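First comes the structure, then the notes that go with it.
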Amino acid sequence: MTHKIMVVDDDTDLRITLQEILIGKGREVLAAKDGFQAIELASEGNIDLIFMDIRMPGMDGVETFLKIKEILPNCTVVMMTGYAVESLIERALSEGAKACLNKPVSIDEILEIVDAFMPELPIAHRIMVVDDDADLRTTLQEILIDKGREVLAAEDGFQAIEFASDGNIDLIFMDIRMPGMDGVEAFLKIKQILPDCIVVMMTGNAAEPLIEQALSEGAKTCLGKPVSIEEILEIVEETMPA
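Residue numbers (full-length UniProt numbering): 1 to 242.
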């Protein structure tokens, strides 16, 4: 079983940014929006390194860290805070947190810590969600992450091609109609880079003329919007069994 990193922060932008950067470096990354979700993911085991925000609603990061330490005593935990004078920092460090990073966090420092504590992790297989609808993109990403999947999210075809050029993507959910470059054009370019990648198109228009082209070019299927989460999960389980 592959070892994982977990990012725990109620700041959605930071959480997703760190996750995508680390996934882009070939790491397996889970993301939790609060301490409760972090404990739930930790209870499934197999997490080696956690980046944990100190100040979160409901349960602070130190309390979460102490509960996770009971579950995963060998897990390395690095705290993060936006407060220069943080009363919980001293407690976290005294309880065994490896370090405390100041926000805004340094990506270079994050990567140095990852390489120091997890130098030889295998590259993870990934799913990519490509859609200019930020709400749908984030929703699908978070649902799939909650199912233990490693997920990249691209806002358009250009970013999708950039992610694909890094390789190691097994399954893509691709919107057909996007500004700048439609999903079929992006799919055809990605197919040249990742010929074995499975691509599922998505559209809100049942009479979309590009559907036939996408299917004839090798797309697995085309889902109508609003997408069915059950159907998404069935495709994931079928093509990427856990």
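The beta-carbon is built from N, C-alpha and C at its ideal position, and this holds for glycine as well. Bear in mind the structure is a predicted one, so any value in this text is a computation, not a measurement.
Measure the Cβ-Cβ separation of residue i and residue j and say whether it is below 9 angstroms.
i	j	result
L171	V236	yes
M174	G167	no
G82	G58	no
M56	V8	yes
T203	L210	yes
M79	C100	yes
L30	I47	yes
V129	G157	no
A92	G61	yes
V77	I89	no
A153	I16	yes
So residue i and residue j are supposed to be a Cβ contact under 8 angstroms. How far apart are they, rounded?
i	j	result
I5	L72	Not really, about 12 angstroms apart at Cβ, beyond 8 angstroms.
R126	I193	Not really, about 14 angstroms apart at Cβ, beyond 8 angstroms.
I229	I143	6 angstroms
L18	I161	With a Cβ gap of about 23 angstroms, L18 and I161 do not count as contacting.
Hey, out of the options, whose CA is closest to residue i's CA?
i	options	result
V114	E142, V227, T17 and F51	F51
A38	D146, L140, D131 and I16	D146
L140	P241, T239, I232 and A42	I232
D133	T239, K191, N74 and I176	I176
D196	I110, M240, R149 and L88	M240
N205	M178, S94 and A219	M178
I217	I190, L223 and M181	The displayed chain sequence assigns Glu, not Ile, to residue 217. When each option's Cα is compared against that of E217, the closest is I190.
A219	L111, E185 and A42	E185
L41	K25, L18, G24 and F65	F65
K98	S165, G224, N74 and D13	N74
R149	E28, D11 and E20	E28
Next item on the list: Let me know the beta strand (DSSP E) ranges lying completely inside the UniProt domain "Response regulatory" (126-240), each 3 residues or longer, listed in chain order.
Entry: List check, beta strand (DSSP E) in window: 126-130, 151-154, 169-175, 198-203 and 221-224.
Item checked: Secondary structure, alpha helix (DSSP H): runs of 4+ residues fully inside the UniProt domain "Response regulatory" (4-118) -> With a minimum length of 4 residues, the unbroken runs of alpha helix (DSSP H) contained wholly in the UniProt domain "Response regulatory" (4-118) fall at 12-24, 35-42, 61-71, 87-94 and 107-117.
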